[in-house]
Amino acid sequence: ENSARRLFLTNVSTPLEPVSSYHDKEGQQITERRLKSRERMGGFLQMPYEMCVKIMLGSLERNLLPDPVIRRLTRLLLASRLRSGYKPTSELQLSELLNFIHSLREMPIAVQTDKPKSQHYELPTSFFKLVLGKHMKYSCCYFSDGVTNLDDAEKAMLDLYCQRAELKDGHAVLDVGCGWGSLV
Numbered sequence: 001e002n003s004a005r006r007l008f009l010t011n012v013s014t015p016l017e018p019v020s021s022y023h024d025k026e027g028q029q030i031t032e033r034r035l036k037s038r039e040r041m042g043g044f045l046q047m048p049y050e051m052c053v054k055i056m057l058g059s060l061e062r063n064l065l066p067d068p069v070i071r072r073l074t075r076l077l078l079a080s081r082l083r084s085g086y087k088p089t090s091e092l093q094l095s096e097l098l099n100f101i102h103s104l105r106e107m108p109i110a111v112q113t114d115k116p117k118s119q120h121y122e123l124p125t126s127f128f129k130l131v132l133g134k135h136m137k138y139s140c141c142y143f144s145d146g147v148t149n150l151d152d153a154e155k156a157m158l159d160l161y162c163q164r165a166e167l168k169d170g171h172a173v174l175d176v177g178c179g180w181g182s183l184v
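This is the structure in structure tokens:
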């Protein structure tokens with residue numbers, strides 16, 4: 001059971017010190033903690049797996065984890081992934097791969113799309129005018145040789161779209177997901 005699993009970290013910088021405290025949607029008190037980077041832990045850090053993951057991911061997102069801790073966690077995750085993917089025979093490896101491919105085919109293309117959409121579509125256009133180039137290109141840019149600024153990279157990407165789509169004068173274009181109609 002997940003709650004019974006434990007995560008053991010050896011030789012990581014610790015202990016945790018409180019940074020801030022708040023209540024989540026369910027009313028539970030959440031205390032954000034930061035790892036003290038100069039103190040070494042002699043033994044190991046042991047806490048319920050889900051709690052540890054929540055704390056570590058929250059600390060990682062807030063840039064509160066020292067580099068040695070990030071490196072150690074990365075090594076642990078990679079080692080765990082390698083162990084979970086190891087199969088003693090090629091037949092078992094192939095079977096595992098085919099099962100994985102089947103699970104991908106059955107999986108929805110996108111899950112929980114409403115929250116991310118609302119988070120960035122609710123931002124005012126004035127914000128995007130600050131962070132995008134003059135073409136207001138939302139998705140991506142092309143920094144080819146000699147392109148050194150955002151405005152030119154946006155234009156280079158729009159030109160590349162037209163080139164790859166073999167667009168000619170008189171063709172109709174529906175610009176979806178590129179920004180504020182920058183292609184048209």
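According to my numbering, the sequence shown is numbered sequentially starting from 1.
C-beta: ideal position from N, C-alpha, C; glycine also.
A quick note: this is a predicted structure, and the numbers were derived from the prediction, not measured.
For residue i, which three-state DSSP category applies?
i	result
H102	helix
K137	strand
G58	helix
L183	coil
D145	coil
Inspect the beta-carbon positions of residue i and residue j and report whether they are closer than 8 Å.
i	j	result
Y138	A156	no
L183	V173	yes
L150	G133	yes
M56	L76	no
S127	M136	Contrary to the premise, residue 127 reads as Phe rather than Ser in this sequence. No; because the gap between Cβ atoms is not below 8 Å, this pair is not in contact.
Using the DSSP secondary-structure output, state which residues sit across from residue i in a beta bridge.
i	result
H23	Q29
Out of curiosity, what's the CA-to-CA distance linking residue i and residue j?
i	j	result
L65	P124	32 Å
E96	N63	36 Å
R71	R81	15 Å
E61	I30	15 Å
V176	G170	19 Å
G27	T113	25 Å
G181	P88	54 Å
L115	A79	Reading the sequence as shown, one finds Lys at residue 115 and not Leu. So the two alpha carbons sit approximately 32 Å from each other.
K168	E154	20 Å
What are the start and end residues of the alpha helix (DSSP H) that includes residue i?
i	result
I70	67 to 85
Q112	Where Q112 is concerned, there is no enclosing alpha helix (DSSP H), given that its DSSP letter is neither H nor E.
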